[in-house]
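Residue numbers (the working numbering): -5 to 291.
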């Protein structure tokens, strides 16, 4: 279960950063650091959700779900986005009273040191998750990595703000930075939710992969005098689905057409990771072969 291993790494990082950032807030009383700690709580919830969704997505196909459960990853990304929005609302709730009645900060150096340590942990884990997400085509790991990287930039802004409060004495800067942080993570949360919804609506595979498929069709059309139409693609989490019609000369035998389709499918699977490919073979001269190009005949 390699993907679950990455999710457990995210869980461990979230527990560590919550502890460090909560201690930093307790020492300083900074609402900016409180906002940072709240976002780390969201990180923990998101990491636990990602772990459960990765397990569900990895379940093999069965008679009730013949295409598998790979779309479960989109639920993880969408709920993670919603949790980020909730965290942003909590930050606003904590910051507004401090904007009206500012408070001085205590032990700022100790608090900032702990926050920097937490940010280093998040940065390292975010890089690992982003690389793993790209390598394994997992939107869950990629979303978790992007969320952690957002947390890193959030922490950087909070650290800079607390330092400025300390050096300038302008106490209202602390809640103002917290509000700015809330807007930033709101943007990230809505972005994850939008991407999750898009994934649940069966988008096509990437334009780069579609271009490779088209090149392959052109190559075989020139070599064998065959034709292709009704190309349809979709992606569901790490899985890719490709279907097309292969039109062969009328004189070809079924075995000959089948061998060519197997060769084309093998090359296509090598180009498109985790692809399930379905080919429909038709005679090239039969007018009925051109009546089924639309999704609904």
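The C-beta atom is built at its ideal place from N, Cα and C for all residues, glycine as well. Fair warning: this is a prediction, and the values are worked out from it, not measured in the lab.
Nonlocal neighbours in the same chain, by C-beta distance under 6 Å from residue i, ignoring five residues either side
i	result
residue 135	0, 123, 126, 127
residue 191	none
residue 17	108
residue 276	239, 241, 283
Residue span of the alpha helix (DSSP H) that contains residue i, given as start and end
i	result
residue 216	201 to 218
residue 258	248 to 265
Residue(s) in a DSSP beta bridge with residue i
i	result
residue 134	DSSP lists no partner for residue 134.
residue 238	273
residue 233	230
Cβ-Cβ separation, residue j to residue i (assumed contact under 8 Å), whole Å
i	j	result
residue 252	residue 274	The Cβ separation is near 12 Å, so there is no contact.
residue 31	residue 138	Not a contact, Cβ separation roughly 18 Å.
residue 329	residue 67	Any property of residue 329 remains undetermined from this structure, which presents the chain solely from -5 to 291.
residue 15	residue 112	5 Å
residue 171	residue 151	6 Å
residue 183	residue 82	7 Å
residue 11	residue 116	6 Å
residue 5	residue 38	7 Å
residue 278	residue 179	At roughly 56 Å, the Cβ-Cβ gap does not stay under 8 Å, so residue 278 and residue 179 are not in contact.
Cutoff 8 Å; reference residue i; Cβ partners in own chain excluding five residues on either side
i	result
residue 236	199, 207, 225, 226, 227, 262, 266, 269, 270, 271, 272
residue 215	221, 222
residue 129	none
residue 255	240, 273, 275
residue 280	244
residue 197	228, 229
residue 76	183, 187
Segment limits, beta strand (DSSP E) that includes residue i
i	result
residue 166	From DSSP, residue 166 is part of no beta strand (DSSP E); its letter is neither H nor E.
residue 229	221 to 230
Classification of residue i by the beta-carbon crowding that lies within 10 angstroms, buried from 16 upward
i	result
residue 212	exposed
residue 140	buried
residue 229	buried
residue 203	buried
residue 260	exposed
residue 54	exposed
residue 175	buried
residue 145	buried
residue 58	exposed
residue 292	Since the first and last residues shown for the chain are -5 and 291, residue 292 lies out of range.
residue 80	exposed
residue 51	buried
residue 60	exposed
residue 195	exposed
residue 34	buried
residue 205	exposed
residue 193	buried
residue 48	buried
residue 177	exposed
residue 201	exposed
residue 19	buried
residue 264	exposed
Own chain, CB closer than 7 Å to residue i, minus 5 neighbours either side, in chain order
i	result
residue 43	70, 73, 74
residue 120	139, 142, 143, 146
residue 131	232, 267, 268
residue 63	50, 51, 53
residue 167	155, 158, 159
residue 189	71
residue 292	Look at the range of the chain in this structure, -5 to 291, and you will see that residue 292 is not part of it.
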